[in-house]
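Heads up, the thing below is written out as structure tokens.
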Amino acid sequence: MTAGEGSDRVPATPATGPILPGATLGVLGGGQLGRMFAVAARRLGYRVAVWSDERDAPALAAADLPTHAPYDDAAALAAFTAAIDVCTVEFENLPGELLREVERHVPLRPSADAIAATQHRGREKRALAGLGAPLAPWRPLEAAGTPQAAAAALEAATAQTGRPAVLKTAGFGYDGKGQVAIPADGPWPAAALALLAAQPCVLEAFVDLALELSVVVARSPDGQVRAFPVAENHHARHVLDLTVMPARVATDVADRAEALARRVVTGLGVVGLACVELFLTRDGDLWVNEVAPRPHNSGHVTIEACRVDQFEQQVRAVCGLPLGDPAAVRPGAMTNLLGDLWGGGEPDWPAALAVDGARLHLYGKAAARPGRKMGHLSAVAEDADAAAALVLRARAALTRGGGLAGAATPAPVPRSHA
Ligand code: AMP
4 MTAGEGSDRV PATPATGPIL PGATLGVLGG GQLGRMFAVA ARRLGYRVAV WSDERDAPAL
64 AAADLPTHAP YDDAAALAAF TAAIDVCTVE FENLPGELLR EVERHVPLRP SADAIAATQH
124 RGREKRALAG LGAPLAPWRP LEAAGTPQAA AAALEAATAQ TGRPAVLKTA GFGYDGKGQV
184 AIPADGPWPA AALALLAAQP CVLEAFVDLA LELSVVVARS PDGQVRAFPV AENHHARHVL
244 DLTVMPARVA TDVADRAEAL ARRVVTGLGV VGLACVELFL TRDGDLWVNE VAPRPHNSGH
304 VTIEACRVDQ FEQQVRAVCG LPLGDPAAVR PGAMTNLLGD LWGGGEPDWP AALAVDGARL
364 HLYGKAAARP GRKMGHLSAV AEDADAAAAL VLRARAALTR GGGLAGAATP APVPRSHA
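Numbering (the working numbering), first residue to last: 4 to 421.
Next up, the structure:
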């Protein structure tokens, strides 16, 4: 398909050449990743059209052309595709039908096929295995129907993976949602039986983790590939808490991680940006956890730490422009600000900004629910340890006084693993 095929509009730029500033870039999904993409694209002189099915989506506020409509709205689809020259996503769990329809009208980068490969854990693992990517032992599981059938399926699957293990829903999971830990012994957790009775899942061996790593990789339509420095990620309650870039790992580990990420992104045929999440085991093995066909939370630190950031790189890749140099200028760190921080009232922004070098990013979300990503803090420093200490100090300052509203009980600061 060529740009504009199936519609009567003339694309601003021929499909064979780069899509130049002045063109309109479409984004499906309205979260903070789309918002930061829109900011980067507009800085480069593009217009941005964002389509979200949520009224208060953070990216809509940053768009030239916001569309708030259900993803199956045919009139919205026609207007959206008529307005854009190319389309990307900031969220992978979009209806396949929508992705295919958009692709009929304009280039979709990554393609509907590449996105589909990452929407379902079973499909994703099969695709990764086909590329020779190392994975923790796993088994696909069909929806069992009843708790009794689920117990029998878990019995058979754990005979392959061993225990402990992690049961994950096959579709629409992120940040540890839809996951149940299977302990080393004892009865099957009721939550696991309920999960597997209701939907297809995958069972994964529990990995004895030394560290979690991620690599954001950009790939342009002509096949040029550039990888950001490997990031080191620490989670709290299954949600990313702290990223340090470059990861504090031996050079050979970083080299292997980057090579693996490049192989995966190229093998999946991604055009645009993707992130490969990796487990580093205590034995020094690297296993692919999952792939996100879009910018990644761990890549936020590239805004301060790298010569080009992940959002500008996404713009460049999606538009077929030369990719920027992703090298780190200085070591950096990023910590997420979850809605829990609002528990004691509005966080003390001036206190965090008083920490020299701390950069505050807020996503413009109205409601601060526990666990919701509201923003992040980043910093660069002379080394990774100092950058991590700086962002954690700035975050601690947000609640030290109990919040500006002066509530009696300060919100707990999510614990860092650093
Ligand atoms: P996911 O949504 O699959 O990325 O999982 C969220 C987080 O749960 C990961 O970043 C890990 O911290 C943890 N996790 C997921 N799968 C495993 C596993 N097989 N072994 C150990 N920890 C895991």
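All C-beta atoms, glycine included, are put in the ideal place defined by N, C-alpha and C.
(Q) For a cutoff of 8 Å on Cβ pairs, would you count residue 185 as touching chain D? (A) The structure shown contains no chain D, having only a single protein chain.
Q: Look up residue 300 in the DSSP assignment and say whether it is helix, strand or coil.
A: helix
Q. Got a sec, what are the start and stop residues for the alpha helix (DSSP H) residue 424 sits in?
A. The chain is shown only over 4 to 421; residue 424 falls outside these bounds and no answer can be derived.
(Q) Looking only at its chain, what residues have a beta carbon closer than 6 Å to the beta carbon of residue 143, apart from the 5 residues adjacent to it on each side? (A) 125 and 205
**Q.** Bridge-paired residues (DSSP) for residue 222
**A.** 228 and 275
Q: Provide the residue span of the alpha helix (DSSP H) that contains residue 356, from first to last.
A: 352-356
Q) Does the Cβ-Cβ distance between residue 32 and residue 61 come in under 8 Å? A) no
Q | Sequence-distant residues of the same chain with beta carbon closer than 7 Å to residue 379, five excluded per side | A | 303, 337, 338, 339, 340 and 364
Q | Chain-order list of residues whose beta-carbon lies under 8 Å from that of residue 48 (same chain, five-residue window excluded) | A | 24 and 25
Q.
Could you compute how far the alpha carbon of residue 384 sits from the alpha carbon of residue 264?
A. 26 Å
Q) Among the residues of its own chain, which have a CB less than 6 Å from the CB of residue 306, if the five just before and after it don't count? A) 312
Q) Exposed or buried, what is residue 28 when buried is set at 16 or more other beta-carbons lying within 10 Å of its beta-carbon? A) buried
Q: Pull up the distance between the alpha-carbon of residue 321 and that of residue 108, whole angstroms please.
A: 15 Å
Q: Tell me whether residue 126 sits in a helix, a strand or coil according to DSSP, three-state version.
A: helix
Q) Is DSSP giving residue 71 helix, strand or coil here? A) strand
Q) What residue does the alpha helix (DSSP H) around residue 157 start on, and which one ends it? A) 150-164
**Q.** residue 157 versus residue 329 - alpha carbon distance
**A.** 43 Å
Q | Distance CB(residue 369)-CB(residue 400) smaller than 8 Å | A | no
Q: Determine the extent of the alpha helix (DSSP H) in which residue 362 is found, giving its start and end residues.
A: Unbroken run through residue 362 is the beta strand (DSSP E), 362-365; no alpha helix (DSSP H).
**Q.** Paired residues, beta bridge with residue 345 - DSSP
**A.** Looking at the DSSP assignment, residue 345 forms no beta bridge with any residue, so it has no partner.
Q) Taking just the CA atoms, how far does residue 371 sit from residue 407? A) Confidence at residue 407 is low in this model, with a pLDDT of 45, below 50, so the placement of that residue is unreliable and no value is reported for it.
Q.
Please state whether the Cβ-Cβ distance between residue 64 and residue 367 is less than 8 Å.
A. yes
Q | Straight-line Cα distance separating residue 171 from residue 394 | A | 32 Å
(Q) Would the stretch 248-268 count as touching the stretch 134-143 if we require 3 or more Cβ pairs under 8 Å? (A) yes
Q | Backbone CA spacing between residue 89 and residue 51 [nearest angstrom] | A | 10 Å
Q) Going straight from the alpha carbon of residue 152 to that of residue 203, what length do you get? A) 13 Å
Q) Is DSSP giving residue 108 helix, strand or coil here? A) helix
Q.
Assuming the contact rule is C-beta atoms closer than 8 Å, residue 196 and residue 250 should be a hit. Round their C-beta distance to whole Å, please.
A. In fact, because the Cβ distance is near 37 Å, the residues do not count as touching under 8 Å.
Q) With a CB to CB cut of under 7 Å and the five nearest residues on each side skipped, what residues in its chain are close to residue 211? A) 284 and 285
Q. Secondary structure at residue 3, three-state DSSP: helix, strand or coil?
A. Here the chain covers residues 4 to 421 and nothing more, so residue 3 does not appear.
Q. Quick one: what's got a C-beta closer than 7 Å to residue 326's C-beta in the same chain, skipping five residues either side?
A. 221, 223, 227, 229, 316, 319 and 320
**Q.** Residues of its chain near residue 273, where Cβ-Cβ distance is below 7 Å and the 5 sequence neighbours each way are ignored
**A.** 113, 117, 222 and 296
**Q.** Under 8 Å between C-beta atoms of residue 81 and residue 68
**A.** no
Q: With a threshold of 7 Å, establish whether the CB of residue 182 neighbours any heavy atom of the ligand AMP.
A: yes
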